[in-house]
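Below: one structure, written as structure tokens.
2 protein chains.
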Amino acid sequence: MGFADASASERPYLPPAVAVSTVAFALRPPPGASTLDADAAADGEASAAPATLWIPLVRRTREPFRGRWALPGGPTRWNETLTDTALRSIRAAAGCTPGYLEQLYAFGGVERSADAARLVTIAYWAMLGEGDLDAAVGAGAAAAAEDRPSDSGAGSADGPWNRVTTAPSTSRRWDDPRDPPPLQPFDAASPDSEGNVAWCSADRLPELAFDHAGIIAYALARLRSKTEYAAVAHRFLGPTFTIGRLRAVHEAVLGAAVDPANFRRQMLARGVLVDTGERETGAAHRPARLYRFSNDAAPEPPDARPHPRRSA
Amino acid sequence: MGFADASASERPYLPPAVAVSTVAFALRPPPGASTLDADAAADGEASAAPATLWIPLVRRTREPFRGRWALPGGPTRWNETLTDTALRSIRAAAGCTPGYLEQLYAFGGVERSADAARLVTIAYWAMLGEGDLDAAVGAGAAAAAEDRPSDSGAGSADGPWNRVTTAPSTSRRWDDPRDPPPLQPFDAASPDSEGNVAWCSADRLPELAFDHAGIIAYALARLRSKTEYAAVAHRFLGPTFTIGRLRAVHEAVLGAAVDPANFRRQMLARGVLVDTGERETGAAHRPARLYRFSNDAAPEPPDARPHPRRSA
DNA sequence: TGAATAGTGTCTATCAGACATTATCTC
DNA sequence: GAGATAATGTCTGATAGACACTATTCA
Chain A
1 MGFADASASE RPYLPPAVAV STVAFALRPP PGASTLDADA AADGEASAAP ATLWIPLVRR
61 TREPFRGRWA LPGGPTRWNE TLTDTALRSI RAAAGCTPGY LEQLYAFGGV ERSADAARLV
121 TIAYWAMLGE GDLDAAVGAG AAAAAEDRPS DSGAGSADGP WNRVTTAPST SRRWDDPRDP
181 PPLQPFDAAS PDSEGNVAWC SADRLPELAF DHAGIIAYAL ARLRSKTEYA AVAHRFLGPT
241 FTIGRLRAVH EAVLGAAVDP ANFRRQMLAR GVLVDTGERE TGAAHRPARL YRFSNDAAPE
301 PPDARPHPRR SA
Chain B
1 MGFADASASE RPYLPPAVAV STVAFALRPP PGASTLDADA AADGEASAAP ATLWIPLVRR
61 TREPFRGRWA LPGGPTRWNE TLTDTALRSI RAAAGCTPGY LEQLYAFGGV ERSADAARLV
121 TIAYWAMLGE GDLDAAVGAG AAAAAEDRPS DSGAGSADGP WNRVTTAPST SRRWDDPRDP
181 PPLQPFDAAS PDSEGNVAWC SADRLPELAF DHAGIIAYAL ARLRSKTEYA AVAHRFLGPT
241 FTIGRLRAVH EAVLGAAVDP ANFRRQMLAR GVLVDTGERE TGAAHRPARL YRFSNDAAPE
301 PPDARPHPRR SA
């Protein structure tokens, strides 16, 4: 077709390719997933309080940056929205669907692609819940290295996007009103015994391809900022949780200790936590109340950034 | 070339076109610019305190939404960044260069284009200073209607972008460290006696093409939010200004009265205003100190959104 | 009983907002 | 002097943070 057949001399005049890169945060890797940092992984399993955030990465199988780790992503297909593409990429890399997804930034520099072919990358960041992680399918081990573009055009041989092939997730459906579910399942490809997905602590990243280290840093800043002023941290947890668990999430995200008493008051003052009558049992201390998040249907406009504290 | 020659049946498989739309706010239209709302325009010139924000719009000269007003913008060229495209679009519509420019959001819905051809639109918002407005060239009257794509490929005949042709701005250079200046001047096209640019109050918009009304509402929310927590309002003013002028800007942006005493204290407490020894003269009241903005070189990362109040 | 966390009470420094008061210009 | 805005002073209610204290479970 037109694009793929264009000669190199014509490429500068072609429209830029559009790709999506995703930063999917989780409190820990899915069970059985391969990790890049052995020490940190052991720590994460041993201690109850997660002290770091985890991100799935995929290994590039072609130039440029062949062999380097990179963010999951790929080009948009003609019939899916950018959000669809982000969701599909995350599902392929993590094996599950995120509980929260938000656009981060559109990078459109002319120098991003090593070739003359222009590339516009829209970055997304997401939060994976604990229940989602446990329901993840084929994360890591069953993932196959498939970096070849499929039939969906835009087949620039040196695109910086990174494909992951995994069976489509069978976990719970995407019921956030923000965006419709994707239109089609991910196309399975040649399975391989060795996966090209690895989970990595956001604190100890390897050398990454392209400017993906900067994108992760930016996503981390947004996650921290949003944790401070909006109620998003609960999306790392299951449907019910104690305030202590929620505080541990804040501490992991912000990287600092949080006063339990003040945190409790602030969270309850927000009025978004609902006390389920139940309690946490089995712990060697006074049992904690289990809360759930109240107004999941609080409709934030197109995307949830302007955070108008006062509605003027 | 490849893209333009693709038949209609091939289009769904081609990469999406990438365009930029811009929302350029100003306290008032440039002198001599044509406005859509006669009453509001008269008000704006008569009263000293601007009560509304103004935005340049361009009239579409082709389907879809032919004749409707729309946001300035157009497709990216192969050798310019998205920021370059936004700057060029604003210069063409407003005749001057904004003092502040920030990416708003990337819209990638599959239904945005009326045709099967996919379109990804990256929206930007900007602030035009008073000095820039006075130095604006050919705003409105000298603008020419040129909606034909030039040689830069991506020539989908029904693209929703909106071109404006005006002589390149001769006002001050783009010296914000955020991004490099554009690589090439805007290509002048056939001049026309009737302009296709009009300035419009953000409060009384006409029916707009596409989802541009939503984009403007979103940009307005961001401007208001950012005015509350960051020091950006001064970019609507000249290099020096009184605190009263700055307060008037806040009132115009937020649409509400602001206490002079508390506003003064808060602004001075931020430590970003520098007292030039000078005073404002000629006013029928006690002369006010003239301030300038101090740390214009405060380097905010890639783009300035995560506003980390505390650097952890 | 000891350890650990849940949950409550309380004090303080800080800050936003309301509003009074003085200062200084033009007409 | 009238009128207008600049600039300062002061009071109050709300809140973030620090921290003491009680409650309740398991080992």
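Sequence lines, in order, name chains A and B.
Per full-length UniProt numbering, the very first residue in the first sequence carries number 1; after that it's consecutive.
Per full-length UniProt numbering, the very first residue in the second sequence carries number 1; after that it's consecutive.
Note that beta-carbon positions come from the ideal geometry of N, C-alpha and C, so glycine has one too.
Item: Terminal residues of the alpha helix (DSSP H) in which LEU134(B) lies; Value: Before going further, note that residue 134(B) is Asp rather than Leu in the sequence given. First-last of the alpha helix (DSSP H) with ASP134(B): 130-134.
Item: Minimum Cβ-Cβ distance from GLY282(A) to chain B less than 7 Å; Value: no
Item: Collapsed DSSP secondary structure at GLU207(A) in the structure displayed; Value: coil
Item: Assumed close pair ILE215(B), VAL58(B) - CB separation to whole angstroms, cut-off 8 Å; Value: Contact flag wrong, Cβ pair sits at about 14 Å.
Item: Straight-line gap, ALA230(B) to LEU220(A) (C-alpha atoms, nearest Å); Value: 20 Å
Item: Terminal residues of the beta strand (DSSP E) in which VAL197(A) lies; Value: 197-201
Item: Euclidean distance between Cα positions of TRP54(A) and THR281(B); Value: 60 Å
Item: Bridge-paired residues (DSSP) for MET127(A); Value: PHE25(A) and TYR100(A)
Item: Amino acids of chain B, ordered along the chain, whose beta-carbon sits closer than 8 Å to that of VAL23(A); Value: Result: empty, since nearest Cβ-Cβ is about 13 Å, beyond 8 Å.
Item: Contacting positions in the stretch 63-82 of chain B - beta carbon closer than 8 Å to chain A; Value: PRO75, THR76, TRP78, ASN79, GLU80, THR81 and LEU82
Item: Per DSSP, cross-strand counterpart(s) of ILE55(A); Value: CYS200(A)
Item: Residue from GLY67(A), LEU104(A), SER89(A) and CYS200(A) whose Cα sits closest to the Cα of THR35(A); Value: CYS200(A)
Item: Inter-residue spacing [alpha-carbon to alpha-carbon] between ALA256(A) and VAL120(A); Value: 36 Å
Item: Residues near PHE263(B) by beta carbon distance below 6 Å, same chain, minus five either side; Value: ARG247
Item: Cβ distance (whole Å) where ALA86(A) is taken to contact TYR124(A) below 8 Å; Value: 4 Å
Item: C-beta atoms of GLY95(B) and VAL137(B) nearer than 7 Å; Value: yes
Item: Boundaries (first-last residue) of the alpha helix (DSSP H) holding PHE263(A); Value: 260-270
Item: N- and C-terminal bounds of the beta strand (DSSP E) containing GLY277(A); Value: 273-279
Item: For LEU237(A) and GLU251(A), the rounded distance between their alpha carbons; Value: 14 Å
Item: Chain-order list of residues whose beta-carbon lies under 6 Å from that of GLU278(B) (same chain, five-residue window excluded); Value: LEU290
Item: Cβ-Cβ distance between GLY99(B) and ARG235(B) below 7 Å; Value: yes
Item: Partners in chain B for residue 313(A), counting only beta-carbon separations shorter than 9 Å; Value: Chain A is shown only over 1 to 312; residue 313(A) falls outside these bounds and no answer can be derived.
Item: CA-to-CA distance, GLU207(B) to PHE25(B), given in whole angstroms; Value: 18 Å
Item: Cβ shell of PHE65(B) (< 6 Å), same chain only, five flanking positions each side left out; Value: ALA209
Item: Where the alpha helix (DSSP H) containing ALA87(A) begins and where it ends; Value: Checking the sequence, you will find Leu at residue 87(A) rather than Ala. Unbroken alpha helix (DSSP H) run through LEU87(A): 82-94.
Item: Straight-line Cα distance separating THR76(A) from ALA19(B); Value: 16 Å
Item: Outcome for ARG172(A) when other beta-carbon atoms lying within 10 angstroms are tallied against a minimum of 16; Value: Reliability of the predicted coordinates at ARG172(A) is poor, the pLDDT of 27 falling under 50, and no value is obtained from them.
Item: Neighbourhood of PRO16(B) by C-beta, 7 Å cutoff - its chain only, sequence neighbours within 5 removed; Value: ARG118, LEU119 and VAL120
Item: Among ASP37(B), ARG28(B) and ARG88(B), nearest to ARG204(B) - alpha-carbon criterion; Value: ASP37(B)
Item: Test item: CB-CB of ARG91(B) and THR97(B) under 7 Å; Value: yes
Item: Spatially closest choice to PRO239(A) from ASP275(A), HIS285(A) and ALA213(A), by CA coordinates; Value: ASP275(A)
Item: Cβ neighbours of GLU228(B) in the same chain (closer than 8 Å, five flanking residues each side left out); Value: LEU254
Item: Simplified DSSP assignment, three categories, for PHE236(A); Value: helix
Item: Spatial neighbours of VAL249(A) in its chain, beta-carbon cut-off 6 Å, leaving aside the 5 residues before and after; Value: ALA233 and PHE236
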